[in-house]
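Heads up, the sequence shown is in our numbering, so the first residue is 1 and it goes up one at a time. Don't be surprised by glycine CBs; every beta carbon is placed ideally from N, CA and C. Quick caveat: nothing in here was measured; it's all calculated off a predicted structure. Comments concern the structure below.
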Amino acid sequence: MLQVSALSVSYGSIHAVDGVNLSVPAGAIVTLIGANGAGKTSTLRAISGLIPSKGRITFNGEPISGLPPHAIVARGLCHVPEGRLVFANLTVRENLAMGAYLERDRSREARNLDYVFTMFPRLHERLRQQAGTLSGGEQQMLAIARALMGNPRFLMLDEPSLGIAPRLVQTIFEKILAINREQGLPILLVEQNARLALEVSSLAYVLEGGRVFMEGPSPRLREDPTLKAAYLGA
Ligand code: ATP
1 MLQVSALSVS YGSIHAVDGV NLSVPAGAIV TLIGANGAGK TSTLRAISGL
51 IPSKGRITFN GEPISGLPPH AIVARGLCHV PEGRLVFANL TVRENLAMGA
101 YLERDRSREA RNLDYVFTMF PRLHERLRQQ AGTLSGGEQQ MLAIARALMG
151 NPRFLMLDEP SLGIAPRLVQ TIFEKILAIN REQGLPILLV EQNARLALEV
201 SSLAYVLEGG RVFMEGPSPR LREDPTLKAA YLGA
């Protein structure tokens, strides 16, 4: 569904992403793992059109390279950024309304709202609370829910476990799996917690220094001795 070929991103003389190829099949969870500074976030930002890049990106068979972010999100490719970036001064309800900004069909918006409240009951309890006062885990739920309000056909999640209490990390990953299974929504997941990422995904890419250093089915990579030593603490 998403095909990335020879993707490169540079910041001045720094080659953050250097000839990355990756693909995400329909309905799959694919993870992109790697150490700090490996180029994971830059890859997602390039796919979303937030930063300039070289290479070819196709979504549903159509080229999207060079399109502005608003045109890419309008095709259903939704990005939940690192650090969540909820609108801190708006309430939970207002953040969800912002996610539905492009939705013209009010009954569909209401159905999406019901779905996110079923998925994240805690958000329903906190509708009038300012988003900036939610806990890290609750903000992550809100960021995912906000993306779901935009009728995504594809989700990109950047470090959903970052800065979240371990108890909530498990919950968030269960929700990610449920969203993928219930909606058949393909997900490209960037994650530093390699163990969890390899558990929920079917395919994985390991980035190192902006390049794909290893790729394959997640169950196989979980058992790979090099990966175990470098990323899984074995
Ligand atoms: P992390 O897990 O720490 O978020 P990452 O794998 O997501 O890392 P990137 O954030 O994509 O990696 O960064 C890749 C490289 O590009 C790093 O060396 C980083 O310092 C550099 N970089 C990222 N953003 C910028 C920027 N705006 N200007 C200059 N260099 C940048």
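query	result
How big is the Cα-Cα spacing for G244 and I57?	Here the chain comprises residues numbered 1 to 234, so residue 244 is not present and cannot be evaluated.
By DSSP's criteria, R211 is part of a beta bridge. Which residues make up the other side?	E208
Helix, strand or coil, according to DSSP, for A100 in the structure here?	coil
Note down, in chain order, each residue of its chain lying with its Cβ closer than 6 angstroms to the Cβ of Q139, except the 5 sequence neighbours on either side.	R84 and V86
Which residue wins for smallest C-alpha separation from R128, given the options A88, G19, I176 and L188?	A88
Am I right that V17 and T43 are in contact with their C-beta atoms under 8 angstroms? What's the rounded C-beta distance?	5 angstroms
Leaving out the 5 sequence neighbours to the left and right, which residues in its chain are closer than 6 angstroms to L148 when beta-carbon positions are compared?	V116
Using only alpha-carbon positions, find the residue among S53, R106 and L168 that is nearest to R122.	L168
Is E82 close to the ligand ATP? I mean its beta-carbon at under 7 angstroms from any heavy atom of the ligand.	yes
Output needed for I64: all residues of its chain with C-beta closer than 6 angstroms, excluding positions within five of it in sequence on either side, in chain order.	I57 and I72
Does the beta-carbon of S135 have 16 or more other beta-carbons within 10 angstroms, so that it is buried, or is it exposed?	exposed
Is there at least one non-hydrogen atom of the ligand COA closer than 7 angstroms to the beta-carbon of G163?	Among the ligands present in this structure, namely the ligand ATP, the ligand COA is not found.
Buried or exposed: which applies to L227, given that a residue is buried once 16 or more other Cβ atoms fall within 10 Å of its Cβ?	buried
According to DSSP, is P63 helix, strand or coil?	strand
State the DSSP-derived secondary structure class of Q3, mapped to helix, strand or coil.	strand
Let me know the secondary structure DSSP gives G216 once reduced to three states.	strand
In angstroms with no decimal places, state the Cα-to-Cα distance between S23 and N151.	21 angstroms
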